[in-house]
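Below: one structure, written as structure tokens.
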Amino acid sequence: MRKIIILCLVLLNISIYSVNASVNYPDFKEIEFENDGAKLIEDYAITDIEKAYENLGKKFIGWSIYYLNINEEFHYVGKISFARENELYVPLVFDHDVEEKVEYERSVKYTGKLNLKADASNKTLKGALGGEIEKTIGTNELYSRTEKIEMSIVVPARKKLCVRVVGEARISNGVSRYKFFGIVFKKGTWEIMDIISEYYLYYEEDI
Amino acid sequence: MKKYLYILFPTLFLTAFTILVACSNVDNLVLSIMPKSYYIVEEQYQNQSFDVEIFSNLDKSFFSDIVQIEEVYIKDQAESNLIELELKSINKERSKIEINGKKHYIFIFNFCVNTNINSTEPFEIKESFLSLEYLNGKILDLKIGNFTYTRVTHIGSSNDDISVSHILGVKNTINQIDTLAGIEFELENRSSSTIRLNSVNSLDRNISFSLRNTISPSVVESPKQDVSDILSKDYDFFSDEQFLNLDYYIASGETLSFFIPIKYDELYKTNKLAFIINFEKQGLPGKIIFDNFLFFRDFSISLSEKSMIESYLYDFN
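Same order as they appear, the protein sequences are chains A and B.
Last residue of the first sequence: 428 (the working numbering), numbering continuous.
Last residue of the second sequence: 465 (the working numbering), numbering continuous.
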């Protein structure tokens, strides 16, 4: 049912007028998790985050991690990747010739001094905290794709043609704390997002 | 003391020799490729290019050095069909892929057809090989899948009577490969007369539309929905079916939505497709030719998809 709602939103083009679904991911206009309980880190109340910190335990030295979500999949309605308006009263033919390099990026966000980053190849998370998290969520098996798009497109008279991205992604998030002899040195929230697939929805609208 | 030197020198010599041999041993070149369906649709000779993704165990070798490549062809095994290509660029992706437990570099070779194929019949090479001929005399033949070049009379509608107002590809996992499984369409009749929709045909000769299993209006809920779920019955992606004309009518100013599943002759991962929509207005035939549309893009290769990858070992030592 949720998928129907997302698709309807796209078809009715409501999303054009909607605000972004996420501050951290401005390209996502709508987000819908497969699992009802899953959330982006930004959508947790401060009290929920405080409770998560309480669950970190009493470790004396090293990193403590509490996972709020592990590899939770969600569907999203993304940005318009292409649009062309034809104000003429005759069809407009043009060649859409784009070498679109979709550089796959594992998105890593954090607060505090966690300094959580992926390595240069974007495959593994750096540092002791990154290594610990990867033991739970797994390493990045995704990779970049370059796709050259060469196609001729016809925009009918008085129409606007749009190609919108919809897709699937997965997210893991949680809170972490680093202690040395009981003293807290680093503390913060983190979130790792992987886009799994993108779909392209082609539609026309009246102008 | 001398006695010890007689033992020490040969031992040192043997050790040094072993280290030298080990260091000079160049890795064998392993190339891997996932066979796909490649095709080009052109209205006229436009020098349209296409990409071939090749995985290599070596970061740098003659294989990916563009200045060392003398000639490139696509051909069948018997070389009864052969076409020369122009290599436009070779790009290495930043990320790597793991094949058979080893990291491989991803190279994108961009080619265009070097010949003006001026024929109304599609030029098709089934089970084709990409043949890379190098200045050093080496020839690498890689099985890339099917290749088709199609010359069409026009792109878009033959007039402004009808337009494709919505398309969405549905992806399914077929025999463990994530590939295009069907397309949801919406057509708009922009003319003042009723239009009859006759058929939808693929321009990829490896793929056909199952017109018998067309449903209208479309009930697609998600681009990952199972085709059998959309059709509310089991669906076979491979069986042959007899040609059938569609019989849908679109009144003036109205739209028609429908979903058509596809059938594969041979299964290759497909994420792009060009197609022709045939219609009739006041008894006169017309057609919309829709160019190669990218329906989806995956950022991973599943384990089962990796099993489709064909690897070639070249021992040039």
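Glycine is no exception: its CB is placed at the ideal position from the N, C-alpha and C atoms.
Is the distance from the Cβ of residue i to the Cβ of residue j below 9 angstroms?
i	j	result
E234(B)	V261(B)	yes
R379(A)	I428(A)	yes
F295(B)	Y462(B)	no
I217(B)	V200(B)	no
L442(B)	I370(A)	yes
E251(A)	A242(A)	yes
Y253(B)	L206(B)	yes
N440(B)	V348(B)	no
S212(B)	K240(B)	yes
I286(A)	T332(A)	no
K280(A)	K407(A)	no
K338(A)	G351(A)	yes
N394(A)	N290(A)	yes
Y423(A)	H314(B)	yes
G401(B)	N307(B)	no
F423(B)	S350(B)	yes
What residues match up with residue i in a beta bridge as DSSP calls it?
i	result
H252(B)	I245(B)
I282(A)	In the DSSP output, where bridge partners are listed per residue, I282(A) has none listed.
Y297(B)	I188(B) and F271(B)
H296(A)	E253(A) and E389(A)
K380(A)	N307(A) and D427(A)
E458(B)	I181(B)
A349(A)	Paired residues: none, contrary to the question.
R398(A)	S285(A) and K408(A)
E234(B)	C260(B)
F427(B)	L345(B) and G434(B)
Rounded to the nearest angstrom, what separates residue i and residue j at their Cα positions?
i	j	result
I247(B)	F198(B)	24 angstroms
Q430(B)	D413(B)	35 angstroms
G330(B)	S364(B)	13 angstroms
F438(B)	S305(B)	8 angstroms
R445(B)	K420(B)	9 angstroms
F391(B)	N320(B)	24 angstroms
T263(B)	S356(B)	27 angstroms
E412(A)	E294(A)	13 angstroms
A183(A)	P377(A)	Residue coverage of chain A in this structure runs from 222 to 428, which leaves residue 183(A) outside it and unanswerable.
F259(B)	K236(B)	5 angstroms
S272(A)	Y246(A)	The sequence shown places Lys at residue 272(A), not Ser. Cα-Cα distance, rounded: 25 angstroms.
L230(B)	E281(B)	14 angstroms
E227(B)	G293(B)	15 angstroms
R398(A)	W284(A)	6 angstroms
I354(A)	I374(A)	46 angstroms
Y420(A)	V367(B)	18 angstroms
G409(A)	S209(B)	45 angstroms
N336(A)	V244(A)	20 angstroms
V298(A)	Q225(B)	45 angstroms
N195(A)	I404(A)	Missing from the structure shown is residue 195(A); chain A here goes from 222 to 428 and no further.
V300(B)	K334(A)	59 angstroms
E253(A)	E389(A)	10 angstroms
E425(A)	N361(B)	26 angstroms
V387(A)	L404(B)	23 angstroms
F255(B)	K223(B)	21 angstroms
S339(B)	L379(B)	31 angstroms
S466(B)	I245(B)	Because chain B in this structure spans residues 149 to 465, residue 466(B) falls outside the shown range and cannot be described.
F447(B)	L415(B)	20 angstroms
D352(B)	K347(A)	45 angstroms
G258(A)	R242(B)	35 angstroms
D309(B)	E428(B)	10 angstroms
V396(A)	S418(A)	27 angstroms
V169(B)	M456(B)	Note on V169(B): pLDDT 46, under 50, position unreliable in the model; no value is reported.
M372(A)	D316(A)	6 angstroms
L177(B)	I270(A)	51 angstroms
K417(B)	E389(B)	22 angstroms
For residue i, which option in the options has the closest C-alpha, if you only look at C-alpha atoms?
i	options	result
H296(A)	D415(A), Y310(A), S328(A) and G333(A)	D415(A)
S358(B)	N393(B), L278(B) and T418(B)	N393(B)
L382(A)	F254(A), G409(A), I262(A) and L313(A)	L313(A)
R344(B)	Y193(B), Y397(B) and S267(B)	Y397(B)
I410(B)	S341(B), A399(B), R338(B) and G317(B)	G317(B)
I188(B)	I273(B), L179(B), D213(B) and P371(B)	I273(B)
R327(A)	D316(A), D340(A), F315(A) and Y274(A)	D340(A)
N346(B)	D308(B), K372(B), Q196(B) and F406(B)	F406(B)
E275(B)	P371(B), D388(B), P183(B) and N195(B)	P183(B)
T327(B)	S452(B), E191(B) and S400(B)	S452(B)
D175(B)	K250(B), T418(B), V312(B) and Y297(B)	K250(B)
A349(A)	F402(A), V311(A), N292(A) and I282(A)	I282(A)
Does the Cβ of residue i lie closer than 8 angstroms to at least one heavy atom of the ligand NAP?
i	result
T327(B)	Looking for the ligand NAP in the displayed structure turns up nothing, as the structure carries no ligands at all.
Problem - Start-end ranges of the beta strand (DSSP E) lying completely within the segment 343 to 412 of chain B, minimum 3 residues - result: If only uninterrupted beta strand (DSSP E) runs of at least 3 residues are considered, those enclosed by the segment 343 to 412 of chain B are 343 to 350, 355 to 357, 396 to 398 and 403 to 412.
Exercise for the section: Pull out every residue of the segment 298 to 323 of chain B whose Cβ sits closer than 8 angstroms to any Cβ of chain C, in chain order. Expected result: In the displayed structure, chain C is absent; the protein chains listed are A and B.
Exercise for the section: Jot down the residue ranges of each uninterrupted beta strand (DSSP E) in the segment 276 to 345 of chain B, minimum 3 residues, whole runs only, in chain order. Expected result: If we require 3 residues or more, the beta strand (DSSP E) runs fully inside the segment 276 to 345 of chain B come out as 287 to 299, 310 to 322 and 325 to 337.
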